[in-house]
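Numbering (the UniProt record's numbering), first residue to last: 1 to 110.
Put into structure tokens, the structure is as follows:
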């Protein structure tokens, strides 16, 4: 697979991230583009889990907010779309909001 394809696949669910990660690790050439998007995608996955737990707890405490908070659950999907667009343009720009936080945070990708 090309580096652009691996960067895009890394955003498509946890399974896509794992496929891109093992292709990256087993490849001869370590592309900085793929590494960057693996970091961003893993950051979105972690953010998604934390957001889901937080929204569930808030919805259980204040049930009247459940419908409004369900819209906030779409935020990880929107971030993944931004990541896929950046990967398809072969750009190393962070996803809006949380992207800067996850740059160079995962040492096992080196």
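Glycine is no exception: its CB is placed at the ideal position from the N, C-alpha and C atoms.
Asked                                                                                                                                                        : Found
Since residue 20 contacts residue 6 with CB under 8 angstroms, what's their CB separation in whole angstroms?                                                : 5 angstroms
Can you check the region 48-93 for any alpha helix (DSSP H) of at least 4 residues that lies completely inside it and give the ranges in chain order?        : 66-72 and 75-88
With a threshold of 16 other CB atoms inside 10 Å of the CB of residue 9, please say whether the residue is buried or exposed.                               : buried
According to the neighbour-count rule (16 or more other Cβ atoms, all chains shown, within 10 Å of its Cβ), is residue 63 buried or exposed?                 : exposed
Whole-angstrom Cβ separation of residue 84 and residue 11, contact assumed at under 8 angstroms?                                                             : 5 angstroms
Buried or exposed: residue 96, going by 16 or more other Cβ atoms within 10 Å of its Cβ?                                                                     : exposed
Excluding five sequence neighbours on each side, which residues of the same chain lie with their C-beta closer than 7 angstroms to the C-beta of residue 80? : 11 and 44
Is it buried or exposed, residue 54, if we count other Cβ atoms within 10 angstroms and call 16 or more buried?                                              : exposed
List the endpoints of the continuous alpha helix (DSSP H) containing residue 4.                                                                              : 3-9
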